[in-house]
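Here's the structure, in structure tokens; my notes come after.
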Amino acid sequence: MLVVLLVWGGAWAYMADSSSTPYRLVPAHQCDEETLVKVAALLNQQWPRSEAARLASLAKSSDALPMHLVLINEADNSVVAHSAISRVAHDESGLLIESGAWGLLR
């Protein structure tokens, strides 16, 4: 079972099984182009769009929000999951977590 804990200002991923495979949760704006292409492909498995549109959306990721988070398996550098965090319109304290997708892209 994979447990992901998101905390404002940080994020941690923990694999709770007999495997010792390390996972890393990284903001998309800190990922290289190859990883972003994998994220776009993962999202397109669930919600098909052009790769260019996906990459343009991922390029908007920032520490100030919206932020796209990518869960990476460090053992083989595969993309395991994605989520996007953005502000809720007209509610300064609200956050929207969407585009949750998981799978395995190497």
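Residue 0 in numbering that gives the first Met the number 0 sits at position 1 of the sequence shown; the count goes up by one each step and never skips. Beta carbons are placed, not taken as given, at the ideal position from N, Cα and C, and that holds for glycine. Quick caveat: nothing in here was measured; it's all calculated off a predicted structure.
Which whole runs of the beta strand (DSSP E) in the stretch 26 to 96 are 3 residues long or more, in chain order?
66 to 72, 77 to 87
Given this structure, state the Cα-to-Cα distance separating LYS37 from ARG53, to the nearest angstrom.
Counted from its first residue, the sequence shown places residue 37 at position 38. Counted from its first residue, the sequence shown places residue 53 at position 54. Approximately 11 Å, taken between the alpha carbons.
Separation of LEU68 from SER56, as counted between CA atoms:
On the sequence shown, residue 56 is found 57 positions in, with the first residue counted as 1. On the sequence shown, residue 68 is found 69 positions in, with the first residue counted as 1. Going by the C-alpha atoms only, they are around 12 Å apart.
Between which residues of its own chain and ILE96 is the CB-CB distance below 6 Å, once the five residues before and five after are set aside?
In the sequence shown, residue 96 corresponds to position 97, counting from 1. Only SER82, ILE84 meet the Cβ criterion.
Would you grab the beta carbon distance between THR34 and VAL78 for me? Rounded to a whole angstrom, and I think it's under 8 Å.
To locate residue 34, count along the sequence shown from 1; it is residue 35. To locate residue 78, count along the sequence shown from 1; it is residue 79. Confirmed, Cβ separation roughly 6 Å.
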